[in-house]
Structures are given as structure tokens and as C-alpha cells.
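There are 2 protein chains.
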Amino acid sequence: MAKEGQFVEQIADINADFPQWYTDVVLKTKLVDYGPVKGTMVIRPYGYAIWENIQEQLNARFRKAGVQNAYFPLLIPMSYFTKEAEHVEGFAPEVAVVTHAGGEELAEPLAIRPTSETIIGTMMSKWVQSYRDLPLKVNQWCNVMRWEKTTRPFLRTSEFLWHEGHTAHASAEEAEEFALQMLGVYKEFMENCLAIPVLTGRKTEKERFAGAVATYTMEAMMRDGKSLQSGTSHYMGQNFAKAFEIQYQGQEGNLQTAYTTSFGVSTRLIGAIIMTHGDERGLLLPPVVAPTQCVIVPIAARKGGVVEACEKLKTELEAAGVRVAFDNTDNSPGWKFNEWEMKGVPVRIELGPRDIEAGKMVCARRDTLEKSELSLSNAAESVKSLLAQVQKDMLEAARARRESRIVYADDMAGILAGVEEGNFVKAGWCGCRACEDKIKEETAATARVYAEGETRETCAVCGEKAKHVIVYARAY
Amino acid sequence: MAKEGQFVEQIADINADFPQWYTDVVLKTKLVDYGPVKGTMVIRPYGYAIWENIQEQLNARFRKAGVQNAYFPLLIPMSYFTKEAEHVEGFAPEVAVVTHAGGEELAEPLAIRPTSETIIGTMMSKWVQSYRDLPLKVNQWCNVMRWEKTTRPFLRTSEFLWHEGHTAHASAEEAEEFALQMLGVYKEFMENCLAIPVLTGRKTEKERFAGAVATYTMEAMMRDGKSLQSGTSHYMGQNFAKAFEIQYQGQEGNLQTAYTTSFGVSTRLIGAIIMTHGDERGLLLPPVVAPTQCVIVPIAARKGGVVEACEKLKTELEAAGVRVAFDNTDNSPGWKFNEWEMKGVPVRIELGPRDIEAGKMVCARRDTLEKSELSLSNAAESVKSLLAQVQKDMLEAARARRESRIVYADDMAGILAGVEEGNFVKAGWCGCRACEDKIKEETAATARVYAEGETRETCAVCGEKAKHVIVYARAY
């Protein structure tokens, strides 16, 4: 049997070594493991269950927006990538290539999809014939592959899981509006399901998706002040529609070219959850996507009636739709507290002989560590409302942390000092690429997103009149 | 606007040309389309929704059996395949190989998984340390790739979607029992969800999975009398556990080797649904997995109140959990009837001014084409019970068709005549490989499954004493 406190000691200090803390947490809570091929990961049941909950939440939102799930092939002819000039430049260097199959060399090498604009564009050109076929909105949940030099579980791996939505529209306005609608869906999902506040808006030309006219992003602040790009929605204009001939007969019979969008989030979101909410004890999972929302730990489990009372409570909570575990192992209560705290389960219920006699249970919140005594009658309703409160408070806590770390700067020194202290830095920008490049070079921070509606006098780099305000940060 | 009967005319005659009927149905009902790379398919929303319903049903059953979902990498080092001798022989010839990635040639070529025993075995050897870690039961939903020469949508494609469950156990008995338990889960799922009766049992040595000790199969009879292997559950003994060193410390401290199983079903099941239930009008989908269970067609839709009554009914059915569509397009009712029949929607509701006045709706079953008048009050309950009846009757109809086409034979001529007439043929077998080979050679039928519990006097090939009874059939 393990000793008390064992797990807590095994995790690196979050304040002293954040990267090691991250590695410890993802491995020791069994979210993930390293795959045998360099840069790959195995998503273990505890991590995959979070992903399934994310899928369920997003699928419900996509359905409402008229987006239908489908599945497109993994392998894409290499020649497809050359059809859209910027796209090939962006993706060709990181593609994995199949050259042999069925014991023979292939006539044309095939790329494992790094993203599916090209193959979905090809199919759309077949499916879209008339204006009646528009808008066309499809989505797929799948694996994609981008050969990366430096990898970390969830954040950057050669293979990862994601969804990619792709739509075709009759007009530029409708397409761009839809790209923004999806950005809104993402933001609402991030806040209400993952309890992660995000800055949303447009990317600079330098940072946008290869082949897009406009890339809209959501940027989340991690515990170390770095930004994590958590999802993007792209307005493609007619770039892909022209390259793949997505054309249709308009209402007046004339041949038209469609406008397209794409949007996606990936298993990276699990990294975002870990690095937004985690603390010195380990994980802290938002109730909406936590695989286990509540764990029941018996106190003096050998005393008559305790196990039975725990099981009864478990059945009651399950019936009310709470994802609940009952830890009836031989470990001590203290050891169990540590383990379930490390695993980030949002609510722990302690139930002992005295509680049962008094008709009460002790509920401990993982986020605030507060304990409260609640009545055992009406337990399901109490636990559900406590979970809802934890969910809400986690968002507010994350928002407060972020707000305290958004600063302004008017020169390069200010930007550098700001990001070194782990802040998002807002600064004026003249709009020229040279100034953007210079900031990246000298501060290792990049332009994360336009701060729409804000104004500053001058560009922090060249001192010329500022046309925009940009949020700069170091990023994952 | 399309003419009446248009769709029906477009499908080949099921009795005259079954393969063409199949191709017509899968393409024209928009279940699937051909991908740009030879042998690949695009699963369109109508087909993918069936797959999602299959996933939901199976996931619920796996959870009950203690199986947890996870995700393992797509790419497997080629050397892994050589670790289990039979396995490499079975799969190496059809593997697709990645030789280049990130602009460089790889040191070791990587296989796109044709199945994941090897990589999951590798991870299990890391995760299983003590007897306390057993049993270990994981499952993944993923894409796999097997380079096939002859392909058909859903039935045989180079890439397909499936689930693969993998378990490790402390004893041979427990492992084999679990493999059989999963076979039972499959059978119950096939019958109750897909309305497809299956013969289940063991495969001959010749037909079993590469690397298994025993392969258990379920075989379904298609409309043309051919068999479709619809899913398999394998008991691996210690073959993979030895090759990948899945070892653990037993209760007495001694080092033990585990016993493993694997089991899977694929998007092939969609082909099984089409070819079990389809008829001259097109698809017929079992209600449990039909994307649309019920379609409302307005009669005289321009008459006051009809559209409103249809929408009210739709809302009511949706609230009761029925997947319902309201076809309010400009097409004629007759055209709509044909189209929705072709798409296999199990129940159609016709609603016109006279029905509304009388407080009734006309419900037409797709399976029997019977129409009945049901009261509009209590509509949701009536429709749900009608759907349940359709589901049940579809299974019984499929079972009756199959039972009438299972025959016995005592010699090769009888087997040949039996399969030529589109039957499953039961015959005695001496147990030797030569006789099994000869049947395949001369009749193009293969040993599908042992008919456990049955006896015949002599082997239909050599006339020696029969040790087993085998179900022979031509197969997809």
C-alpha cells in the first residue's frame, strides 16, 4: 500500500519548473503515454474520456449550426497540395508520405492528411452543382499528421486528433459570417464547457492559415503566461474554390464559384485544460468534461453500513446523470484524497459512520479546497448544483488570473519586459511586416490576435502612427 | 422538379443484377462516394450517421463490459510486425508504408496500421506490471488500412473505419471466456440493433485471424445468399503476450505471461444492413440505427394549416426522441414517397387537410408497405411503438429468409448446387485441410463457421468419418 502524500511529492513544483510539472501531470494521471514512434502519443482512457466529452459538446453545437458529420480519406495525392500555392508552401515540409503499398511502389506518392481542404474541396466540386446545393456544411473527426521536430503530449505531436469543419457558400458575406459564427461557437464552448476564457479575433497576415483570406483565432492564457492557440476558423474566400473548381449554376443559370471556410480544434484542448486550471496538486478538470465529476471516499470503511451507504449514494448520483466513482480500495483516506486531487476530480464526497448517522456528507471542492456539509437527502441535486458552481467559479478564477496579466507597452523594451514576466502585452502596430518580424526576433513573442476596437498612438517598434493594437505573447 | 418514379427507375433490378443494385443504392442514397485514390471511399453524412448510431450502441455495451476507449498511434514500426510469425505473414503483403516524412527519408519505414495488436501489445507490456493491473480492457475507434486489389464501398476498401478492442487477462480461461462474451455482445447487437440474424461460432484454422489461437465469427446471409463476415472476436492465447512481453508479477511474486484477446467490427456493417434488408425500392434501414426514423410528408401542403400541423407533429416527435424529418420541398407527394422509400426511412407519415380534420395521420411502413391510420393525439407513443414493431419484424423477416436458405449436403455436388442456388450449405467435414481446400477450389465456397452441436455421418469431400459440421457459403 502506498504512503500518504506519495503522489503530490512525485509532481514537480508548478512554480519552479512548469514544463516538468506538465510532463509529470500528463503521465502520472494516466492521461497519455509516449508512443513507440518519436513524437507520437497514446491517449489513455482517462485522457480519451475528456476528448469524448469535448466531442459530445461540440457535436451538439455543430448540429444546431446545420453542420453534418462525414468521413474523408486519410491519403491525399501529393499533387493536390500544389493546387493552392500558399497551402503547399505551408504544409509540404511537414507531410508524411506513403510511397509503397501492397508490396509495390505507388505511381504517385500519397500524403497522410495534415488537414483536408484539398480532398474535401475535390469532393465538394462534385457535390455542388446548383445554388440549391449551398450552403454545404460538413465536418469530420479524424486523425491528422504533421511531422514536427519538437513535440509534447497534446500540445504538439506528429499525429493528433481533431475535428475539421468545411463549408461552401454562395456569397463572400455568408461565408465570412459563418466563419465568425463558428468562432463564436468556439468561444462559448471554451468558456462554458472548459472554463477557459479566450481572446478572439483576427490573425495578422504573417500568422494566418496557409491559403486563407482571414484566420480567426482564440487565444488562451496558460498558467505560465504563454498563449495557447486553442482553435481557428478560416475564411478562404475563393482560393480553394478556384483551385478545386467548386462551381455551381446560380439562380439565373450562370456559372458561379463558391466561397469556402474551414474551422478546427484538436486534442490540444486537453493541454489547454491542464495548463489553465492545474495547480501544485495536479490536474483540475472542469465538471462539464471531467470523466469523473465526483468521487466518494468512505471514512472508516470497515464500520457497518459505510460501504452500503456509499454504494447507495453512488447509485443515486448516477441515476441523476452525475459521473461518479466510489473508491473502495484498501488505501487510506489521505492517500485517496491526494490521488483524486491529482487526477483533478472536481468534487470529493467523504462519507463516514458519523456523517451517515447525522444524514450528512462532507463535500470538498477541488478548485477552492473548501469543504461543506450537505444533507444526504436530496444529495443528487446538491452535488449537481455544487458542480455547476465549481464550473462557473473556475471560469471566473481563470479570467481573473488572465486579466491581472494583460499589460500595455509602448516600446520594444516594454514588450520584452511584459512577456518575460509572463504577460499578454498589448501594443500599437504600424501594420508592416518588418516590425512584426522584429518583435518575434527580439522578444520571442508573436502577434497572437488583433485587439479589435482598441487604439494606441504609435507602433511600439518603429514609432510611426499605429494602425492597430496587437496582443503579443510567447506561445505554445 | 423531378418526375414521379424517377429514383426507382434509376436503381438496377435487385433480382437481375444484385452488384449493380448495391452500387446504385449506396451512391444514389448518398451513403458514400468514391474517393480520389483508388479503393478509398468518402462516407457522406447519411452513411456516417448510421456509423455514429452503431458507435453509440456498441459503446454502451462495451462500457458495461468494463472496456474503456483510448487512442493508439496510426504508424507502427515495420519491425513490430515481424515479432509474431503468423501475424506478419497475414498482414505484411497488404500494408501501406510511410518512407518519408518532414522532408527526409525515415531511418525505419512505418506501417499504417492494418490492425493494432502489435502497438497495443507494446503499450500493454508497459502498463501491465502486477496481477492488480489485470484484466486490462481497452478499445479504440479508428481508421485502418489494408491495400486491397478489388474494392467495393463499405465491403472492402483500402481504408476503413472500425473499432478494435484489446484485452489482457491473467488466465487462459478468463481470456477465452471474454472473447466469447464479446461474441455474444456482437450477436445481441446485430439482432436487436441492426435486425440481422447471425450464425456465430469458431472459424477453421485456415480461416482464422493471423496470430490467433481461436477466431470466433458472426456470419450474416445477404439477399443474394452470400455470407458477410460481420465481426470477429479472437482468443490469442499467449502468442502476442510472448512476442511483446506482456508480463506481470503474480500474487505469489512469480513472473507470469498474460493471455490476450482482440475483437472488432467495421463500417462493413453498413454494407451488411444494405444487403440484408434492401429491396427493389432501395434501402431499408432498421429504426435503431436509421439516421431518420420517420419522415412527415404533407398532402396538399398549400391548404391552410397543413404545414403548421406537420411542424407541430415534428416538434412533438422530436421531443419524444424520434429522429424525424419534415419534407416541405416543392416536389410532389408521389416523388417524395419514392425518394424516402429509396433512402430506407422506416416510417412515413402522410398528413393532409382531411387527416388533420379527423385528428388522424396515415403511417406507412417501409418494410411491409402497410398503411394504417393512427390518432394524432398520442402520436409520439404510436410512432415509437410502430418503430419498435418494424424493428422486430425486420429481424424476423430476415431470419425467415435465411432459414429457408440453409440446406444440407453430403457430397461436393450437393455443396456446389447449394451455394449456386444462393444457400448456406451445412456438410460434414473430416477435419483435414486438403478437403477444406478442395471445396474452395471447386465451389468457390469457404468454411464460414463450425455448426456446433450438429453431427453428420461423413465428410462431404473424402467420405471419411465426419468430425465436424461446417457451414459453407460463398462470401464477401
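From first to last, the protein sequence lines stand for chains G and X. According to the numbering used here, the first sequence is numbered sequentially starting from 1. According to the numbering used here, the second sequence is numbered sequentially starting from 1. Backbone N, C-alpha and C fix where the C-beta goes; we use that ideal spot for every residue, glycine too. Only a predicted model underlies this, so the values are computations on that prediction, with no experimental measurement involved.
- Spatial neighbours of G:His87 in its own chain (CB-CB distance under 6 Å, excluding positions within 5 residues in sequence) are listed in chain order as Ala210, Gly211.
- With the rule of 3 Cβ pairs closer than 8 Å, the stretch 449-458 of chain G counts as touching the stretch 193-210 of chain G.
- In terms of beta-carbon proximity, X:Gly344 stays away from the interface with chain G, with every pair separated by 8 Å or more.
- By the C-beta density criterion, G:Pro114 is buried, having at least 16 other C-beta atoms within 10 angstroms.
- With respect to G:Gly271, G:Leu228 sits close: the two C-beta atoms are nearer than 8 Å.
- Shown here, G:Glu94 sits in a helix according to DSSP, grouped into three states.
- Straight across, the Cα-Cα distance linking X:Gln391 with X:Ile196 is about 10 Å.
- Taking a Cβ-Cβ threshold of 7 Å, the residues of chain X close to G:Trp147 are Ala101, Gly102, in chain order.
- Within the same chain, and ignoring the five residues on either side of G:Gln249 in sequence, the residues whose Cβ sits closer than 8 Å to its Cβ are Gln129, Ser130, Tyr131, Leu255, Gln256.
- Looking at the backbone, the Cα of G:Ala258 and that of G:Ala170 are separated by about 5 Å.
- One thing to note: G:Gly90 has its Cβ no nearer than 8 Å to the Cβ of G:Phe244.
- Those residues of the stretch 6-35 of chain G placed with their C-beta closer than 7 Å to a C-beta in chain X are Asp33, Gly35, ordered along the chain.
- In the DSSP annotation of this structure, the continuous segment of the alpha helix (DSSP H) that includes X:Gly121 starts and ends at 117-127.
- Taking a contact to require three or more Cβ pairs closer than 8 Å, the stretch 273-290 of chain X and the stretch 159-175 of chain X do not qualify as touching.
- Excluding its 5 nearest sequence neighbours in each direction, G:Ala409 has C-beta neighbours in its own chain below 7 Å: Ile415, Gly418, Val425, Ala427, Ala460, listed in chain order.
- By the neighbour-count criterion, in which a residue is buried when 16 or more other Cβ atoms sit within 10 angstroms of its Cβ, X:Ala445 is buried.
- With respect to chain X, the C-beta atom of G:Ile246 has no partner C-beta closer than 8 Å.
- Taken through DSSP and simplified to helix, strand or coil, G:Gly184 comes out as helix.
- Close partners of X:Thr122 in chain G (Cβ separation under 7 Å): Pro36.
- No Cβ-Cβ contact shorter than 8 Å links X:Thr118 with X:Tyr71.
- Here the alpha carbon of G:Thr232 sits roughly 13 Å from the alpha carbon of G:Val213.
- X:Thr157 counts as buried, since at least 16 other C-beta atoms from the protein chains shown sit within 10 angstroms of its C-beta.
- For X:Tyr48, the chain G residues whose C-beta falls within less than 7 Å of its own C-beta are Asn69, Ala70, Tyr71, listed in chain order.
- In this structure, G:Leu75 and X:Thr150 do not form a Cβ contact; the two beta carbons are roughly 18 Å apart against a cut-off of 8 Å.
- If you draw a straight line from the Cα of G:Gln20 to the Cα of G:Ala12, it is about 6 Å long.
- In this structure G:Ala175 is not in contact with G:Tyr216, their Cβ atoms being roughly 12 Å apart against a cut-off of 8 Å.
- With a beta-carbon spacing of about 5 Å, X:Tyr476 and X:Leu155 fall inside the 8 Å limit used to define contacts.
- Straight-line spacing of the CA atoms in X:Thr329 and X:Val307 works out to 11 Å.
- When C-beta distances to chain G are compared with 9 Å, the residues of the stretch 85-100 of chain X below that value are Ala92, Pro93, Glu94, Val95, Ala96, Val97, Val98, Thr99, His100, in chain order.
- When DSSP states are grouped into helix, strand and coil, X:Tyr450 belongs to the strand group.
- By the neighbour-count criterion, in which 16 or more other beta carbons inside 10 Å mark a residue as buried, X:Gly264 falls on the buried side.
- DSSP, reduced to helix, strand and coil, places X:Phe240 within a helical segment of the structure shown.
- Against X:Val324, chain G offers no close residue; the least beta-carbon distance is about 14 Å (beta-carbon pairs closer than 8 Å).
- The DSSP-derived three-state label of X:Gly418 is helix.
- The alpha-carbon of G:Arg366 is positioned some 10 Å away from that of G:Lys343.
- Less than 8 Å separates the beta-carbon of G:Gln140 from that of G:His163.
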